[in-house]
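Engineer: So that we are looking at the same thing, I have put the structure below in C-alpha cells.
In full-length UniProt numbering, the protein residues as written are 1 to 591.
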C-alpha cells in the first residue's frame, strides 16, 4: 500500500493476472477475436480494391471494372461495419464480466481480512479501489485491449502489404520504427508513475468524502461545513493537479508518437513521388502504398495512445491486486477441532498477553487469566483502556494472542474453525450496526435460513415487534443507511433481536440496554434475562442493574484482573470497584 510503489518500473503483470478472469468466458473472447480478424482483413482489403479501381477502372476508362471494384468495396465495408459492431459488443460484455468477477473476488477477500487491515486502511480508500480503479480496468479490458490488438494487427498487416507493394520504400518507413518505439517504452514508465500517483490522490479525496458524509450530523452540529468544504476542496485540487500531470504525460506520449510516425510517412511519400514522376511506379500502386502506410502509422500511433490507457489500467489493476495479495492474519486450521455441542460453553483466559498491531504503547492485556464456567453470567468493569472490549475481540478471534492460551469449551480457539467459533457467540455491541436493507433482513443476519416466523419471534422477544408493525411496510420496511430512520433504542432492539435469533451458547453484551429509555430497558432486560438462562454470558457493564444480576464481576485495570467477586463483596473491599461504582452509580451504590 505504500506510495513508494509509485516508483516501480513499468510492467503489465497486474493486467496479465486478469487473464484467468477473461478465460472464464472463452466464447466471448473467441467471438471478439474472430470479429477483430474479420474487421482487420476487411480493412486491409480496401487499399487493394482501391488500387484495382484506379489502375484497371479509372485509368483505363473501364466502366465494368469500376462497377466490379466498387461492388467489392461495398462488400468489404459491410463486413467491416458488421465485424466492428460485433467486436465492440463482445469486448464490452467481456469487460463488464471480468470486472464484476474481480470486484466479487476482491470483496470476498475483504470479508476474510482481519480488523487489523481495516484499522490501517481507510474505508474510502478501499471503496475507491472497488469503484474508480475497477472502472478503469473495465475500460482497458473492454475497449483499450481490443483497440490495442486491432491496431497491432492493422500495423502488422499493413506493414506486410507495404513490403509487397514496394520493398524499397517499406524499408525506409519500417527502419524508423525502432527510433520511435524505444522512446515510447521509456515514456510509458513515466506515464504509469504519474497515473499511479493521480489514482492515489483521487483515493485520498474519496476517503475524506466518505468519512465526512458518514459524520455529517456531527459536522453540522459543530458548524464545521465551511471548514470541511475547504479540506475537501484542497483534496480534490490535489487530485486534479495529479490528474493534470498524468494527462499531460499521456498527451506528450501521443504527440511524440504521432509526429515522428507521420513525419516518416511524409518523407517516404516525397521519395515515392519521384518514382511516380519517373514512371517507375503507378498511381494505383502509390495510392495503395499511401493507404497502407497511413494504416501502419495510424496503427502504431493508436498503439501509443492506447498504451497510455493500458498503463493507467495497469496501475489500477496493481492497486486492486494489492488487496487480493493482502495476508489473512487470522486463518482457520486445516483440521479443526469440534466445539462441544452444549447450550453453554466455558471460557478460559490463561496468561494472555496482547497489544494491537502497529501500536507502540504498552500491552492492552498482560498475563490476563480468568475462567468463566458454562452457564455463568460475568460482568466486566474497569476504567477506559483497561482491555474490556479487547476481551471480546480476542474471544471472536479478530486478533490472535501474542502469548498465553484462550479456551472455549476446553478447546484452544486457534484449533477451532473460525466459522464454528464465531457461530458459538452472539454479540450485541454498544453501537448497533444496522444495514440499509429491510427490517427482516437486518434481523435475519443473525442466522442463515431463518424463517419469517423465527424473525418475528425474535423481534417479539426483543420487544421490537410493536414499532416494526407501526412502520409503513412492517418487516419489509427499508431502513436508511446505518439505521438513521430509527431511534437509538429501536436500533438497539433490532441488534438484540438479531442476537436472540442466533441462539448461540455464548452471549457477548456490551451493555446492550445502554441506548434504551427506562420503559424499553425494563422490557428488553427481561428478554435478555430469559435468553441468558442456561447460557454463558459476558457483559461489559456500565449500569448497576447489570452488575447486581451478574454471578461474578471481574474488575480490570491495565489488562489484568485486580478484583473479582459479586457486587456486595467488592463494595465491601473498598478497592477499585468501589471507587468506580461510586463514581458511576452514585447514590444507587448502597445495597
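Ideal placement from N, C-alpha and C gives every residue a C-beta, glycine not left out.
#1: Around the Cβ of residue 574, are there at least 16 other Cβ atoms within 10 angstroms (buried) or fewer (exposed)?
#2: Are the CB atoms of residue 302 and residue 592 within a distance shorter than 8 Å?
#3: Return helix, strand or coil for residue 8, following the three-state DSSP convention.
#4: Report, in whole angstroms, the separation of the C-beta atoms of residue 492 and residue 432, which I expect to be a contact under 8 Å.
#5: Compare the beta carbon distance of residue 379 and residue 546 with 8 Å and say whether it is the shorter of the two.
#6: Is there at least one non-hydrogen atom of the ligand SAM closer than 7 Å to the beta-carbon of residue 371?
#7: Looking at the structure shown, is residue 409 part of a helix, part of a strand, or coil, going by DSSP?
#8: Given this structure, state the Cα-to-Cα distance separating residue 66 from residue 249, to the nearest angstrom.
#9: Can you round the beta-carbon distance between residue 450 and residue 444 to whole angstroms, since I take them to be within the 8 Å contact cut?
#10: Assign residue 133 to one of two classes, buried (16 or more other C-beta atoms within 10 Å of its C-beta) or exposed (fewer than that).
#11: According to DSSP, is residue 312 part of a helix, a strand, or is it coil?
#12: With distances taken between CB atoms, is the gap from residue 564 to residue 366 smaller than 8 Å?
#13: Can you tell me whether residue 274 is helix, strand or coil according to DSSP?
#14: Within 10 angstroms of the Cβ of residue 168, are there 16 or more other Cβ atoms? Answer buried if so, exposed if not.
#15: Looking only at its chain, what residues have a beta carbon closer than 7 Å to the beta carbon of residue 14, apart from the 5 residues adjacent to it on each side?
#16: Using only the alpha-carbon positions, how far apart do residue 137 and residue 197 sit?
#17: Thinking just about the alpha-carbon of each residue, which of 288, 387, 475 and 129 is nearest to the one in residue 557?
#18: Sorted by chain position, which residues of the same chain lie with C-beta nearer than 8 Å to residue 592's C-beta, five sequence neighbours on each side aside?
#19: Report the start-end ranges of each beta strand (DSSP E) in the region 449-531 that is 3 residues or longer and not cut off at the edges.
#20: Roughly how many angstroms lie between the CA atoms of residue 95 and residue 126, to the nearest whole one?
#21: From this set, 549, 312, 448 and 64, which residue's C-alpha is nearest residue 566's C-alpha?
#22: Just the Cα atoms here: how many angstroms apart are residue 47 and residue 237?
#23: Could you pull out every residue in the same chain whose Cβ sits closer than 7 Å to the Cβ of residue 390, ignoring the five residues on either side in sequence?
#24: Kindly indicate which three-state DSSP category residue 389 falls into: helix, strand or coil?
#25: Using the rule of at least 16 other Cβ atoms within 10 Å of the residue's Cβ for burial, across every protein chain shown, is residue 463 buried or exposed?
#26: Mark residue 358 as exposed unless 16 or more other C-beta atoms lie within 10 angstroms of its C-beta, in which case mark it buried.
#27: For residue 295, name the three-state secondary structure that DSSP assigns.
#28: Near residue 576, what residues of its chain come up, given a Cβ to Cβ distance below 7 Å and the 5 sequence neighbours on each side ignored?
#29: Classify residue 587 as buried or exposed, calling it buried when 16 or more other Cβ atoms lie within 10 Å of its own Cβ.
#30: So for residue 580, helix, strand or coil by DSSP?
#31: State buried or exposed for residue 309, treating a residue as buried only when at least 16 other CB atoms are found within 10 Å of its CB.
#32: Can you list, in chain order, the residues of its chain whose CB lies under 7 Å from that of residue 103, leaving out five sequence neighbours each side?
#33: Is residue 478 closer than 8 Å to residue 417 when the C-beta atoms are compared?
#34: Would you kindly check if the distance between the Cβ of residue 44 and the Cβ of residue 157 is under 8 Å?
#35: Note down the Cα distance separating residue 37 from residue 251, rounded to an integer number of angstroms.
#36: Starting from residue 368, trace the alpha helix (DSSP H) in both directions and tell me its first and last residue.
Structural biologist: On the basis of the coordinates in this document:
#1: That one is exposed.
#2: No answer is possible for residue 592: it lies beyond the span of the chain, which begins at 1 and ends at 591.
#3: Any reading at residue 8 needs caution, since the residue's pLDDT is 37, under 50, leaving its predicted position unreliable; the model's value is listed next. Of the three classes helix, strand and coil, the one that applies to residue 8 here is coil, per DSSP.
#4: About 5 Å; that satisfies the 8 Å criterion.
#5: Contact: yes.
#6: For the ligand SAM, the structure offers nothing, since it holds no ligand at all.
#7: Judged by DSSP in its simplified three-state form, residue 409 adopts coil rather than helix or strand.
#8: C-alpha separation (whole angstroms): 47 Å.
#9: At roughly 5 Å, the Cβ-Cβ gap stays under 8 Å, so residue 450 and residue 444 are in contact.
#10: In the assembly as shown, residue 133 is a buried residue. Its beta-carbon has 16 or more other beta-carbons within 10 Å.
#11: Here residue 312 sits in helix by DSSP.
#12: Taking C-beta atoms as the reference points, residue 564 and residue 366 fail to come closer than 8 Å.
#13: Judged by DSSP in its simplified three-state form, residue 274 adopts helix.
#14: Exposed, because fewer than 16 other Cβ atoms sit within 10 Å of the Cβ of residue 168.
#15: 314, 317, 318 and 321, listed in sequence order.
#16: When rounded, the distance between both Cα atoms is 17 Å.
#17: Residue 387 is the option with its Cα nearest to residue 557.
#18: What the structure shows of the chain is the stretch from 1 to 591, and residue 592 is not part of that stretch, so it cannot be assessed.
#19: Correct list: 506-509.
#20: The straight-line gap from Cα to Cα measures roughly 21 Å.
#21: Residue 549 holds the alpha-carbon nearest to the alpha-carbon of residue 566 among 549, 312, 448 and 64.
#22: Taking the straight line from one Cα to the other gives about 49 Å.
#23: Correct list, in chain order: 354, 364 and 365.
#24: Helix, per DSSP.
#25: By the neighbour-count definition (other C-beta atoms within 10 Å, threshold 16), residue 463 is a buried residue.
#26: Answer is exposed; the Cβ neighbour count stays below 16.
#27: Three-state DSSP puts residue 295 in a helix.
#28: Sequence-distant Cβ neighbours of residue 576 in its own chain, meaning closer than 7 Å and more than five residues away, are 555, 557, 562 and 563.
#29: For residue 587, the pLDDT reaches just 45, beneath the cut-off of 50, and the residue's location in the model is therefore unreliable, leaving the point undetermined.
#30: Helix.
#31: With 16 or more Cβ atoms within 10 Å of its Cβ, residue 309 is classed as buried.
#32: These residues qualify, in order along the chain: 130 and 134.
#33: No, the Cβ-Cβ distance between residue 417 and residue 478 is not below 8 Å.
#34: Between residue 157 and residue 44, the C-beta spacing is below 8 Å.
#35: Using only the alpha carbons, I get a separation of about 29 Å.
#36: For residue 368, no alpha helix (DSSP H) encloses it; the enclosing beta strand (DSSP E) starts and ends at 365-372.
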